[in-house]
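These notes are about the structure you will find just below.
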């Protein structure tokens with residue numbers, strides 16, 4: 001699925017240059033669940049941004065199914081994200097003015113799905129995360145766990161090949177965290193997704209097939225985990 | 001539709017800001033509409049004044065030049081001692097006896113004026129223009145039409161039988177006009193209220209058209225008779241001229257006017273087959289200067305005036321109002337519009353900044369930048385449309401307030417104009433003074449102004465949206481999402 005070769009990412013910070021990633025080599029198999037751990041500021045989110053085509057590496061290559069993302073134009077990357085990559089954020093990132101259903105539907109807008117098709121797929125996605133009865137609610141009318149469920153439905157409604165989750169339980173209490181991780185695990189198993197999940201939580205990381213640890217911009221693979 | 005639902009929700013979420021932007025645009029647009037309406041009102045008033053002074057639809061007028069030194073004051077009822085009273089065909093003159101009593105003299109035979117009326121028909125204090133000159137002007141290249149008019153004033157003094165009583169002076173102005181209703185001349189813009197206009201058959205008939213104002217004041221109607229220089233004319237029509245004009249009281253066929261004026265023989269020469277004023281319409285506005293120049297070249301002794309030149313000579317509060325609307329009004333409008341555009345742009349930019357996370361998320365979801373830009377432009381456009389609607393309403397309100405509180409405007413025209421000449425004749429015929437006309441200021445909001453308002457407000461909205469869009473286009477998704485974190 002993914003092949004990262006000598007990936008570096010540097011940021012200009014004032015007059016100095018900060019190396020967020022320093023020569024990351026990584027291969028992620030199709031359908032794999034990879035957890036990435038590490039302390040804040042050590043490059044986890046940067047790695048996720050590069051995997052999602054939201055940013056470009058300073059050096060090295062990120063290839064998704066053989067396509068080097070750095071070689072694509074912005075419009076091509078946008079199309080790739082729309083069709084193949086689902087994002088789940090720590091802060092949910094729901095559009096506050098749109099209802100749960102409309103937030104999920106927003107993911108189908110760039111795919112030019114017909115309106116009836118969008119409605120049907122949105123309803124199915126919300127049903128799959130157990131929020132069929134909350135479709136008309138605004139994010140502000142939902143709990144944190146429910147909001148993250150909506151975000152998961154939004155990530156999955158377009159049937160992506162890969163889901164990138166950036167600390168999806170970071171803002172949730174323990175019970176809700178377990179619900180969400182359980183849901184993600186179920187989706188990963190049922191849909192054959194490639195799931196790359198950034199987390200601080202070791203108990204969550206242990207549920208992944210593999211865990212990598214980011215430290216000072218370098219990635220070290222720590223364990224092999226059970227297969228699907 | 002997702003686009004509309006998203007747009008509506010976003011505007012509702014930022015209702016206060018949306019209303020603020022729309023009101024800012026509305027204020028600017030409202031001011032533009034008000035100034036444009038006031039400007040249109042001033043232009044209309046100026047047009048009315050020019051029509052009053054000049055004749056509706058007339059591009060150029062030609063009046064006779066100053067008379068030679070021997071030319072007597074035709075209208076004077078009190079000849080100077082140095083100039084003996086001239087005699088008319090009837091041999092009648094008015095003399096003041098050494099004792100102060102008035103006498104009407106006929107071929108040297110004088111009788112006391114008590115109980116009698118001395119009726120004089122007074123042409124203007126200008127050189128007559130021959131009919132052939134009118135025809136020559138009409139044939140000039142780029143002249144669409146030309147017509148000659150003989151303007152006269154009938155002045156009648158009735159001395160009461162009792163010398164202790166004051167004599168009664170009655171004057172009315174007369175235009176001798178061609179019997180055909182033409183698109184140029186004093187009757188060009190007139191409408192007939194009752195009866196009918198002259199026909200070619202009326203060329204030599206004692207028939208008259210009477211202005212509605214004069215008819216009302218003298219209780220005249222179709223079929224009534226009026227007396228001009230002791231000749232009775234039948235009123236065949238009552239005419240109404242556009243508001244703001246100062247029409248003559250009576251119109252009679254040109255040939256009859258020439259005959260009556262000739263009969264008075266008080267010009268020191270014959271006025272048979274002459275006029276004292278030519279109305280000229282050029283083929284197009286662009287031809288006016290050339291036509292004016294050509295007429296002036298051919299008629300060096302006459303006064304050739306164009307409406308454009310006359311407009312520049314009009315002074316008074318109307319002129320001040322025109323300057324106020326064109327200078328101060330325009331600049332204030334422009335400044336307020338710029339301020340409104342700037343505020344709208346800054347607020348939109350700030351809103352885009354606050355929504356960076358939202359746009360970053362949309363980009364992560366695969367929304368193309370142009371789709372996000374369209375969303376922001378749509379929101380800005382909606383605010384622009386709201387601003388246009390409110391601004392047009394404000395403009396109408398402003399125009400209504402101006403119409404309600406603005407005083408009538410005065411316009412003072414120089415003495416070389418037609419109306420002034422006629423007024424001077426009425427005053428005695430020796431001096432031509434300035435003439436002041438009062439005109440109401442009626443601001444009018446035209447469709448064109450409304451379209452302009454809508455375009456301006458939408459342009460303001462789009463400008464604000466474009467600046468916001470520019471910021472969105474530069475927004476890197478990863479950077480936007482970092483802002484969230």
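Residue numbers (the working numbering), protein chains in the order written: chain D, 1 to 228; chain A, 1 to 485.
The C-beta atom is built at its ideal place from N, Cα and C for all residues, glycine as well.
Return the Cβ separation of residue i and residue j in integer angstroms, given the expectation that the two are a contact with Cβ distance under 8 Å.
{"i": "residue 146 (chain A)", "j": "residue 279 (chain A)", "result": "7 Å"}
{"i": "residue 107 (chain D)", "j": "residue 154 (chain D)", "result": "5 Å"}
{"i": "residue 117 (chain D)", "j": "residue 364 (chain A)", "result": "Actually they do not touch by this definition, with Cβ atoms about 22 Å apart."}
{"i": "residue 58 (chain A)", "j": "residue 184 (chain A)", "result": "6 Å"}
{"i": "residue 231 (chain D)", "j": "residue 219 (chain D)", "result": "Because residue 231 (chain D) is not part of the residues shown, which for chain D are 1 to 228, the question remains open."}
{"i": "residue 493 (chain A)", "j": "residue 177 (chain A)", "result": "The question about residue 493 (chain A) has no answer, for chain A in this structure spans 1 to 485."}
{"i": "residue 175 (chain A)", "j": "residue 151 (chain A)", "result": "6 Å"}
What three-state label does DSSP hand residue i in the structure shown?
{"i": "residue 112 (chain A)", "result": "strand"}
{"i": "residue 33 (chain D)", "result": "strand"}
{"i": "residue 81 (chain D)", "result": "helix"}
{"i": "residue 135 (chain D)", "result": "coil"}
{"i": "residue 445 (chain A)", "result": "coil"}
{"i": "residue 148 (chain D)", "result": "helix"}
{"i": "residue 25 (chain D)", "result": "strand"}
{"i": "residue 385 (chain A)", "result": "helix"}
{"i": "residue 181 (chain D)", "result": "helix"}
{"i": "residue 476 (chain A)", "result": "coil"}
{"i": "residue 110 (chain D)", "result": "helix"}
{"i": "residue 289 (chain A)", "result": "helix"}
{"i": "residue 253 (chain A)", "result": "strand"}
{"i": "residue 28 (chain A)", "result": "helix"}
{"i": "residue 55 (chain D)", "result": "coil"}
{"i": "residue 166 (chain D)", "result": "strand"}
{"i": "residue 90 (chain D)", "result": "coil"}
Quick check: what's the CA-CA separation for residue i versus residue j?
{"i": "residue 2 (chain D)", "j": "residue 74 (chain D)", "result": "19 Å"}
{"i": "residue 472 (chain A)", "j": "residue 482 (chain A)", "result": "15 Å"}
{"i": "residue 14 (chain A)", "j": "residue 96 (chain D)", "result": "12 Å"}
{"i": "residue 84 (chain D)", "j": "residue 156 (chain D)", "result": "10 Å"}
{"i": "residue 361 (chain A)", "j": "residue 211 (chain D)", "result": "26 Å"}
{"i": "residue 82 (chain A)", "j": "residue 97 (chain A)", "result": "For residue 82 (chain A), the predicted structure reports a pLDDT of 34, less than 50, and the residue's modelled location is therefore unreliable. A value from the coordinates is still provided. Residue 82 (chain A) and residue 97 (chain A): Cα-Cα distance of roughly 15 Å."}
{"i": "residue 201 (chain D)", "j": "residue 389 (chain A)", "result": "56 Å"}
{"i": "residue 88 (chain D)", "j": "residue 470 (chain A)", "result": "27 Å"}
{"i": "residue 141 (chain D)", "j": "residue 134 (chain D)", "result": "9 Å"}
{"i": "residue 122 (chain A)", "j": "residue 141 (chain A)", "result": "34 Å"}
{"i": "residue 217 (chain D)", "j": "residue 30 (chain D)", "result": "24 Å"}
{"i": "residue 459 (chain A)", "j": "residue 409 (chain A)", "result": "35 Å"}
{"i": "residue 200 (chain A)", "j": "residue 180 (chain A)", "result": "6 Å"}
{"i": "residue 258 (chain A)", "j": "residue 276 (chain A)", "result": "10 Å"}
{"i": "residue 24 (chain D)", "j": "residue 222 (chain D)", "result": "15 Å"}
{"i": "residue 432 (chain A)", "j": "residue 129 (chain A)", "result": "Confidence is the limiting factor: at residue 432 (chain A) the pLDDT is only 46, short of 50, which leaves the residue's position unreliable, though a coordinate-based value still follows. The straight-line gap from Cα to Cα measures roughly 19 Å."}
{"i": "residue 8 (chain A)", "j": "residue 193 (chain A)", "result": "57 Å"}
{"i": "residue 41 (chain D)", "j": "residue 475 (chain A)", "result": "22 Å"}
{"i": "residue 262 (chain A)", "j": "residue 440 (chain A)", "result": "40 Å"}
{"i": "residue 166 (chain D)", "j": "residue 467 (chain A)", "result": "32 Å"}
{"i": "residue 152 (chain D)", "j": "residue 183 (chain D)", "result": "9 Å"}
{"i": "residue 293 (chain A)", "j": "residue 169 (chain A)", "result": "42 Å"}
{"i": "residue 350 (chain A)", "j": "residue 44 (chain A)", "result": "45 Å"}
{"i": "residue 422 (chain A)", "j": "residue 106 (chain A)", "result": "With a pLDDT of 47 at residue 422 (chain A), under the threshold of 50, the modelled position of that residue is not reliable, and the figure given next carries that caveat. Cα to Cα, the separation comes out at about 28 Å."}
What are the residues that DSSP puts in a beta bridge with residue i?
{"i": "residue 118 (chain A)", "result": "A:157"}
{"i": "residue 62 (chain D)", "result": "D:4"}
{"i": "residue 1 (chain A)", "result": "Per DSSP, none; premise fails for residue 1 (chain A)."}
{"i": "residue 115 (chain D)", "result": "In the DSSP output, where bridge partners are listed per residue, residue 115 (chain D) has none listed."}
{"i": "residue 194 (chain A)", "result": "A:238"}
{"i": "residue 486 (chain A)", "result": "Not covered by the structure: residue 486 (chain A). The range shown for chain A is 1 to 485."}
{"i": "residue 106 (chain A)", "result": "A:92, A:109"}
{"i": "residue 12 (chain D)", "result": "D:17"}
{"i": "residue 176 (chain D)", "result": "BP columns for residue 176 (chain D) are empty, so no partner."}
{"i": "residue 410 (chain A)", "result": "A:438"}
{"i": "residue 230 (chain D)", "result": "The structure shown does not extend to residue 230 (chain D), since chain D spans only 1 to 228, so no value can be given for it."}
{"i": "residue 147 (chain A)", "result": "A:279"}
{"i": "residue 129 (chain A)", "result": "A:275"}
Residues, ordered as in the chain, of the region 104-126 of chain D that lie near chain A by beta-carbon distance below 7 Å: 105, 106, 107, 109, 110
Check each residue of the region 340-366 of chain A: if its Cβ is closer than 9 Å to any Cβ of chain D, include it; give the result in chain order. 357, 358, 360, 361, 362, 363, 364, 365, 366
If contact means a Cβ-Cβ distance below 7 Å, which residues of the region 157-179 of chain D contact chain A? none
Could you name the residues of the region 440-474 of chain A whose beta carbon sits closer than 8 Å to any beta carbon of chain D, in the order they occur along the chain? none
Contact residues within the region 365-383 of chain A, judged by C-beta distance below 8 Å to chain D: For the region 365-383 of chain A, the set of positions with a beta-carbon nearer than 8 Å to some beta-carbon of chain D reads 365, 366, 367, 368, 369, 371 in chain order.
Under 8 Å, CB to CB, which of the residues in the region 5-21 of chain A have a partner in chain D? Against chain D - using a Cβ distance shorter than 8 Å - the residues of the region 5-21 of chain A are 5, 6, 9, 10, 12, 13.
Within 8 Å of chain A by C-beta, residues of the region 50-66 of chain D in sequence order: Going along the region 50-66 of chain D in chain order, one finds 52, 54, 55 with a Cβ nearer than 8 Å to chain A.
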